[in-house]
Amino acid sequence: MKPLAIIIMDGFGISLIAEGNAIAKAKKPNLDRFWKNYPTTALSASGLAVGLPRGQMGNSEVGHLNIGGGRIVYQDFTKISLAVEQGTIAENKALRLAMEKAKGKRLHLIGLLSDGGVHSHNTHLYALLEMAKKAGLDNVFVHAVLDGRDVPPRSALGYFHELEDRFRQIGIGKVATVSGRYYTMDRDKRWERVEKSYRCLTDGEGLRAATARDAVQDAYSRGENDEFVSPTLVDSDGLIQDGDSIIFFNFRPDRAREITRAFVDKDFQGFATKPIRVFYTCMTQYDATLKVPVAFPAQDLNDTLGQVISRAGLRQLRIAETEKYAHVTYFFNGGKEEPNPGEDRCLIPSPKVATYDLMPEMSALLVRDEVIRRIDSGKYDLIVLNFANPDMVGHTGIFDAAVKAVEVVDGCVGAVVDEILKKGGCVLLTADHGNAEKMVDPATGQPHTAHTTNPVPFSLIINDGKKRCLREDGILADIAPTALQLLGIAQPKAMTGKSLIKTELS
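Now the structure itself:
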């Protein structure tokens with residue numbers, strides 16, 4: 006069988022709701038033909054099925070990571086949240102060591118007090134407090150960074166009310182400092198902001214308040230929303246001192262790096278720091294150059310589909326237009342930039358238009374023509390290609406343009422599939438997440454421009470005379486194992502997805 010192609014129709018979800026459904030409206034003679042004549046199923050492409058939080062819509066990056074990885078690739082937020090839910094966070098070696106080091110000293114929990122789920126989540130903080138209680142710690146201080154950006158601009162009082170309830174329930178914890186993320190979570194080397202936060206954390210410099218809620222009320226009276234609350238000392242016993250232990254509980258790295266460097270980088274040049282020695286633990290890897298313990302290290306994606314194909318001595322092609330080129334290369338390869346041996350890449354430039362509703366065909370026809378040329382070369386065993394149109398045009402919210410985008414992709418997919426079948430090859434036809442099937446928000450009647458949580462189609466298109474039946478509980482991570490089964494290549498242990506082929510009869 007040569008070649009085997011994985012065709013990803015980006016942003017092509019399944020919905021039974023006809024209103025605002027550009028995919029249902031579009032004329033799709035080729036897709037209808039494939040769905041009717043070849044084994045077809047639906048795959049979950051959002052939430053926990055792709056390593057995202059429950060109910061969260063899928064996206065192209067995560068979709069391609071899962072497809073290429075052949076396993077659920079858990080995002081940091083999900084990984085930590087599952088550890089909290091399942092209680093396994095209590096066994097985390099890095100966190101346990103941080104608490105062991107805090108005995109007889111202070112434990113400082115620094116991070117964004119928010120349930121926004123973008124940089125942090127307050128449930129992770131509560132789990133750390135419970136761990137500290139079980140570890141027998143008494144001096145546990147929270148240095149609360151206020152959000153107001155991923156949550157409403159003046160919502161901090163509610164978070165403090167909940168945090169204080171947790172202090173009472175668990176039996177430990179005090180708020181030591183309060184600061185807006187504008188100061189503590191800068192990422193643009195505005196060191197004067199970070200320094201204000203650092204000085205408050207270590208010296209108590211800045212404003213003072215009797216309680217955390219007073220600090221917030223005072224800030225509001227000054228006209229400061231949560232994001233911009235000036236660094237304020239609440240409890241001087243909670244200043245960071247020599248020998249203390251710090252856990253920074255943000256999981257997103259970009260806005261946690263600068264303040265972390267101020268504490269742990271011996272060559273730090275941003276501003277003058279104190280010579281205090283602390284045991285510093287990061288929730289995730291903020292920067293590979295920071296030599297500090299990491300509670301939840303990055304998942305190292307080895308034995309991806311691309312690597313397995315390469316090790317088998319086979320040739321592969323990755324092709325997409327600009328908008329989705331990184332997805333079929335970097336993300337499909339598990340976040341690795343370098344191509345695998347025997348992996349060719351082809352970038353077709355996306356059109357230079359203000360918005361893609363003005364040119365819904367984008368560069369799909371050029372992608373089609375180049376793929377067919379490469380198929381005819383007979384050079385490749387695996388071809389991974391992406392048609393960007395349903396997603397990129399779906400994001401414009403223009404219904405008629407999205408319909409045209411789907412129709413263009415139908416024509417292109419038809420031509421590519423027919424060419425592969427002519428060569429005796431096989432096609433796995435699928436998508437990475439939904440979008441174009443929901444162009445109208447039913448609640449408001451306004452254009453819907455975001456991704457969806459809908460499942461995506463998967464068809465196994467091959468004319469080898471065998472009858473195959475597909476599983477109905479599949480996820481994106483099952484595509485790579487299916488490809489390996491068809492190619493007769495052993496699935497590595499690291500690839501935990503399962504082939505979608507339930508039965509196969511000659």
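The numbering of the sequence shown is my numbering, which starts it at 6 and goes up by one.
Even glycine gets a Cβ: it sits at the ideal position worked out from N, Cα and C.
Quantities reported herein were computed from a predicted structural model and do not represent experimental measurements.
C-beta contact flag for residue i and residue j at 7 Å
i           : j           : result
residue 48  : residue 480 : yes
residue 309 : residue 347 : no
residue 183 : residue 216 : no
residue 422 : residue 410 : no
residue 45  : residue 511 : no
residue 191 : residue 198 : yes
residue 396 : residue 73  : no
residue 221 : residue 180 : no
residue 461 : residue 88  : no
residue 415 : residue 139 : no
residue 255 : residue 419 : no
residue 79  : residue 63  : no
residue 368 : residue 382 : no
residue 75  : residue 500 : yes
Neighbourhood of residue i by C-beta, 6 Å cutoff - its chain only, sequence neighbours within 5 removed
i           : result
residue 349 : 322
residue 203 : 267
residue 333 : 323, 325, 389, 391
residue 407 : 27, 398, 399, 441, 444
residue 483 : 502, 503, 505
residue 282 : 247
residue 39  : 464, 466
residue 107 : 142, 250
7 Å CB neighbourhood of residue i in its chain, flanking five on each side removed
i           : result
residue 507 : 474, 475, 476
residue 109 : none
residue 121 : 152, 155, 156
residue 430 : 6, 7, 8, 9, 10
residue 472 : 510
Closest by C-alpha distance to residue i, when choosing among the options
i           : options            : result
residue 150 : 289, 187, 298, 422 : 187
residue 234 : 401, 225, 122      : 225
residue 9   : 486, 509, 159, 270 : 486
residue 171 : 160, 468, 136, 393 : 136
residue 71  : 247, 174, 60, 52   : 52
residue 468 : 86, 501, 424, 446  : 424
residue 450 : 254, 367, 404      : 404
residue 210 : 228, 219, 243, 435 : 243
residue 317 : 387, 373, 125      : 387
residue 118 : 92, 147, 103, 307  : 147
residue 285 : 113, 55, 176       : 113
residue 158 : 269, 228, 384      : 228
residue 68  : 336, 100, 195      : 336
residue 61  : 270, 83, 488       : 83
residue 130 : 162, 143, 167      : 167
residue 77  : 306, 436, 223, 253 : 306
residue 523 : 447, 278, 455, 380 : Outside the displayed range of the chain (6 to 511) lies residue 523, so it cannot be described from this structure.
Beta bridge counterpart(s) of residue i as assigned by DSSP
i           : result
residue 180 : 147
residue 466 : 432
residue 445 : 452
residue 185 : 151
residue 46  : 463
Sequence-distant residues of its chain with Cβ nearer than 8 Å to residue i (five each side left out)
i           : result
residue 20  : 26, 28, 29, 439, 442, 443, 457, 459
residue 358 : 364
residue 345 : 311, 312, 314, 315, 321, 338
residue 290 : 258, 299, 302, 303
residue 262 : 192, 291, 292, 295
Exercise for the section: At 3 residues or longer, and completely inside the region 350-397: list those beta strand (DSSP E) runs for me, N to C. Expected result: 387-392
Problem - alpha helix (DSSP H) segments (min. 4 residues) lying fully within the region 232-294 - result: 262-269
Handout entry: Uninterrupted beta strand (DSSP E) stretches inside the region 73-143 (no shorter than 3 residues)
Key = 112-118
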